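Novice:
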Amino acid sequence: MSTSEAVFSGWMDIAENAAQTQARTIVEEETLAALVSQYSGTLYRVAFSVLRNPSDAEDAVQEAFIRVLRHRDTLGEVRDQRVWLIRIVWNIVLDRKRRAKTRPETDDVSELARVLPAHGLSAEQIASAAQHHAHVLACVEQLPAKERQVLMLSAFEELTSVEIASVLGITESSVRSRLFRARNLMADLLHHSRSVR
Amino acid sequence: MKSHDPFASDSASGTQPGLAPSSFEDSLRLIASLPAPVGLEDRIHAGLRASQLSQPHKARILAWPAALHPGGNWMQSVVLRSAAAAAIVMVIAGGGWGIYSRVQPHQPARATVLPSRPAVSGGFASGGAVRTPQTLAGPVLTHPATATPRPAKAAARPAKKLRRTRPASAAGKAATQPAAPAAK
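Protein sequence lines correspond, in order, to chains D and L.
Note that the first sequence covers residues 1 to 197 in the working numbering.
Note that the second sequence covers residues 1001 to 1184 in the working numbering.
#1: Consult DSSP for L/SER1126 and reduce its assignment to one of helix, strand or coil.
#2: Using Cβ-Cβ distances below 9 Å, what residues of the segment 1025 to 1048 of chain L are close to chain D?
#3: Look up D/ASN184 in the DSSP assignment and say whether it is helix, strand or coil.
#4: For L/THR1142 and L/GLY1123, what's the separation of their Cα atoms in angstroms?
#5: By a C-beta neighbour count over all protein chains shown, 10 Å radius and 16 as the cutoff for buried, is L/LEU1040 buried or exposed?
#6: Going by the CB atoms, is the gap between L/ALA1032 and D/GLY41 shorter than 8 Å?
#7: Whose C-beta lies closer than 7 Å to the C-beta of D/LEU75 among residues of the same chain, with five residues either side of it excluded?
#8: Could you say if the segment 58 to 75 of chain D and the segment 1080 to 1092 of chain L meet the contact criterion of at least three C-beta pairs nearer than 8 Å?
#9: Taking 8 Å as the CB-CB limit, is D/SER40 close to chain L?
#10: Under 8 Å between C-beta atoms, does D/ILE66 make it to chain L?
#11: Beta carbons nearer than 7 Å to chain L: which residues of the segment 47 to 62 of chain D have them?
#12: Considering only the beta carbon of each residue, do L/PHE1024 and D/LEU116 sit closer than 8 Å?
#13: Among the candidates D/LEU112, D/ALA129, D/SER193, whose CA atom is the shortest distance from the CA of D/GLN142?
#14: Between D/ALA182 and D/GLU172, how many whole angstroms is the CB-CB distance? I'm expecting something under 8 Å.
#15: So what's D/PHE48 in DSSP terms, helix, strand or just coil?
#16: Helix or strand or just coil, what does DSSP make of D/PHE156?
#17: For chain D, check one thing: does any of its Cβ atoms lie closer than 8 Å to the Cβ of L/GLN1104?
#18: Kindly give me the distance between the Cβ atoms of D/VAL93 and D/LEU151, rounded to whole angstroms, as I take these residues to be in contact under 8 Å.
#19: Just checking: is the beta-carbon of D/ARG45 within a distance shorter than 8 Å of some beta-carbon in chain L?
#20: Rounded to the nearest angstrom, what separates D/GLU157 and L/VAL1079 at their Cα positions?
#21: Can you name the residues of chain L whose CB is closer than 7 Å to the CB of D/VAL115?
#22: Grab the span of the alpha helix (DSSP H) containing D/HIS135 for me, first residue to last.
#23: Output needed for D/ALA187: all residues of its chain with C-beta closer than 6 Å, excluding positions within five of it in sequence on either side, in chain order.
#24: Return no unless some Cβ of chain L is closer than 8 Å to the Cβ of D/ALA155.
#25: Spatial neighbours of D/GLN81 within its chain, please: CB distance less than 7 Å, with the 5 preceding and 5 following residues excluded, ordered by chain position.
#26: Can you check whether the CB of D/LEU112 is closer than 8 Å to the CB of D/HIS133?
#27: Does D/LEU69 come within less than 8 Å of chain L when only Cβ atoms are used?
#28: Taking a Cβ distance cut-off of 8 Å, strictly less, list which residues of the segment 126 to 137 of chain D are near chain L, in chain order.
#29: Residue range of the alpha helix (DSSP H) that L/ALA991 falls in?
#30: Count the other C-beta atoms from every protein chain shown that fall within 10 angstroms of the C-beta of D/ARG45, then say buried if there are 16 or more, exposed otherwise.
#31: Along chain D, in chain order, which residues have C-beta atoms closer than 8 Å to that of L/SER1023?
#32: Enumerated in chain order, which unbroken segments of the alpha helix (DSSP H) with a length of 4 residues or greater are wholly contained in the segment 14 to 88 of chain D?
#33: Can you list the residues of chain L that D/ALA33 reaches, using a CB-CB cut of under 8 Å?
#34: D/ILE92 by DSSP, collapsed to three states: which one?
#35: Run through chain L and tell me which residues come within less than 7 Å of D/SER37, C-beta to C-beta.
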């Protein structure tokens, strides 16, 4: 190989690498866009179930996708992208919830009355339903953290117990036992509150 | 992939008998199934674009060029490989020359210079006098010592018995005292 050929092949390599990098960037951006359109709704619901505030939930979803953008190089290594994204947003909302404890509690009743579907319902019915849901959520807040997390995640029909276990980093049997305890505790709490009334 | 519905009532995860779990589970399900607000995707896309614009690359100044990225196959380029080898040789040679030029070989000294003692001002000199220790004054013998024969009885007695009867102070005195002069 002559010197000119060597130089030429070297610069060809550089050009090919640049093209490969550009192509990889485009693929990553397309993958990210697909993730946003596919899972933003799910992530929003997960975030809202914990934060119970539309703007906070939206911020959490936004932050989750920004984290994904930062680690887009590792997107190809992720096995289950849905569970991975839910895990990211779950950690974000738990962190936010922990930090928000110093702030005053939001009014669940009025917030729920605003966001609940109200097709064919009177204002009184909407208010009553919101009050009931807020009462349930208040009871959920009294549960121990482990049981509460499992119960809240199990409310998502999109998530199986295996996926809940993956999100929380525990075994499936732990999910089942915690869910069992959470249900019993919730039943006790609701029964107690009814008897007090 | 829905292998198991967590809210499905089965033997493993069932609730207490006589309780109606649907009262709170319906609420949780309703909240969990609330629709996402309209325009959420667009806002997220806009946020991601803004984030990309604010941080286009992790480190633009210190980042390797794309062709020289460690993940790439830049080592297959002959030119770059030669340049890298030349740079390594230059660095090694330069470092060796720098060390050689700074460190001189050790040269033995031709004359040994003793350090001068500081002059002591004041005080007395010995004047060449040599100190000799004094000898001890011992006992002076006036007569030449002669051996005296002991009586037969005393010689027959055992030495142990004699020592036992005598006090320790007397025995010491006898040992240190010079022999008594012979009877005239």
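Glycine included, C-beta positions come from ideal geometry on N, C-alpha and C.
Here the structure is a predicted model, which is why all the values come from computation and not from measurement.
Specialist: The short version:
#1: In the second sequence, residue 1126 of chain L corresponds to position 126, counting from 1. The answer is coil: DSSP assigns L/SER1126 none of H, G, I, E or B.
#2: The residues in question are GLU1025, ASP1026, SER1027, LEU1028, ARG1029, LEU1030, ILE1031, ALA1032, SER1033, LEU1034, PRO1035, ALA1036, PRO1037, LEU1040, GLU1041, ARG1043, ILE1044, HIS1045, GLY1047, LEU1048.
#3: For the purposes of this step, residue 184 of chain D is taken as the residue at position 184 of the first sequence. Helix, per DSSP.
#4: For the purposes of this step, residue 1142 of chain L is identified with residue 142 of the second sequence, where counting begins at 1. For the purposes of this step, residue 1123 of chain L is identified with residue 123 of the second sequence, where counting begins at 1. CA-CA distance, L/THR1142 to L/GLY1123, rounds to 48 Å.
#5: The sequence position of residue 1040 of chain L within the second sequence is 40, counting from 1. Buried is the call here.
#6: Residue 41 of chain D sits at position 41 when you count from the first residue of the first sequence. Residue 1032 of chain L sits at position 32 when you count from the first residue of the second sequence. No. Outside cutoff.
#7: On the first sequence, position 75 is the one that residue 75 of chain D refers to. So the qualifying residues of the chain are GLU28, THR31.
#8: Contact between the segment 58 to 75 of chain D and the segment 1080 to 1092 of chain L is absent: fewer than 3 CB-CB pairs across the two stretches fall below 8 Å.
#9: As a working mapping, residue 40 of chain D is identified with position 40 in the first sequence. Yes, D/SER40 lies at the interface with chain L (some Cβ there is under 8 Å from its Cβ).
#10: By 1-based counting over the first sequence, the position of residue 66 of chain D is 66. Cβ-Cβ to chain L under 8 Å: yes for D/ILE66.
#11: Within the segment 47 to 62 of chain D, the qualifying residues are PHE48, SER49, PRO54, GLU58, VAL61, GLN62.
#12: Here residue 1024 of chain L is taken as the residue at index 24 of the second sequence, counted from 1. Here residue 116 of chain D is taken as the residue at index 116 of the first sequence, counted from 1. Between L/PHE1024 and D/LEU116, the C-beta spacing is not below 8 Å.
#13: Within the first sequence, numbered from 1, the residue matching residue 142 of chain D stands at position 142. For the residues D/LEU112, D/ALA129, D/SER193, the minimum Cα distance to D/GLN142 belongs to D/SER193.
#14: Walking along the first sequence from the start, residue 182 of chain D turns up at place 182. Walking along the first sequence from the start, residue 172 of chain D turns up at place 172. The Cβ separation is near 15 Å, so there is no contact.
#15: Residue mapping note: residue 48 of chain D aligns to position 48 of the first sequence, counting from 1. In the displayed model, D/PHE48 falls within a helix according to three-state DSSP.
#16: To locate residue 156 of chain D, count along the first sequence from 1; it is residue 156. The answer is coil: DSSP assigns D/PHE156 none of H, G, I, E or B.
#17: Within the second sequence, the letter at position 104 stands for residue 1104 of chain L. Output row for L/GLN1104: interface = no.
#18: Position 93 of the first sequence holds residue 93 of chain D. Position 151 of the first sequence holds residue 151 of chain D. Their Cβ separation, rounded to whole angstroms, is 15 Å, which puts D/VAL93 and D/LEU151 out of contact at 8 Å.
#19: For this step, residue 45 of chain D is matched to residue 45 along the first sequence. Yes, because at least one Cβ of chain L sits closer than 8 Å to the Cβ of D/ARG45.
#20: In the first sequence, counting from the first residue as 1, residue 157 of chain D sits at position 157. In the second sequence, counting from the first residue as 1, residue 1079 of chain L sits at position 79. So the two alpha carbons sit approximately 59 Å from each other.
#21: Taking the first sequence and counting its residues from 1, the one referred to as residue 115 of chain D is at position 115. Neighbours of D/VAL115 on chain L, chain order: LEU1034.
#22: As a working note, residue 135 of chain D is residue 135 in the first sequence. Taken as a continuous stretch (DSSP letters only), the alpha helix (DSSP H) holding D/HIS135 covers 123 to 141.
#23: Mapped onto the first sequence, residue 187 of chain D falls at position 187. Closer than 6 Å at Cβ, skipping near neighbours: no residue.
#24: Locating residue 155 of chain D in the first sequence gives position 155, where the first residue counts as 1. For D/ALA155, the closest Cβ of chain L is nearer than 8 Å.
#25: Here the question's residue 81 of chain D lines up with position 81 in the first sequence. Once the five neighbours on either side are set aside, the close Cβ partners of D/GLN81 are LEU35.
#26: Here residue 133 of chain D is taken as the residue at index 133 of the first sequence, counted from 1. Here residue 112 of chain D is taken as the residue at index 112 of the first sequence, counted from 1. With contacts defined by Cβ atoms closer than 8 Å, D/HIS133 and D/LEU112 form a contacting pair.
#27: Here residue 69 of chain D refers to the residue found at position 69 when the first sequence is read from its first residue. Contact of D/LEU69 with chain L is assigned, a C-beta pair being separated by under 8 Å.
#28: Cβ contacts with chain L: HIS132, HIS133, VAL136, LEU137.
#29: As shown, chain L starts at 1001 and ends at 1184. That puts residue 991 of chain L outside it, with no answer to give.
#30: In the first sequence, residue 45 of chain D corresponds to position 45, counting from 1. Around the C-beta of D/ARG45, 16 or more other C-beta atoms lie within 10 Å, and the residue is accordingly described as buried.
#31: Working through the second sequence from its first residue, we reach residue 1023 of chain L at position 23. What L/SER1023 touches in chain D: VAL136, LEU190.
#32: Taking only runs of at least 4 residues, the alpha helix (DSSP H) segments lying wholly in the segment 14 to 88 of chain D are 54 to 70.
#33: For the purposes of this step, residue 33 of chain D is identified with residue 33 of the first sequence, where counting begins at 1. In chain order: HIS1045.
#34: Sequence index remark: in the first sequence, residue 92 of chain D carries index 92 (1-based). DSSP places D/ILE92 in helix when its eight states are reduced to three.
#35: By one-based count along the first sequence, residue 37 of chain D stands at place 37. Simply GLU1041.
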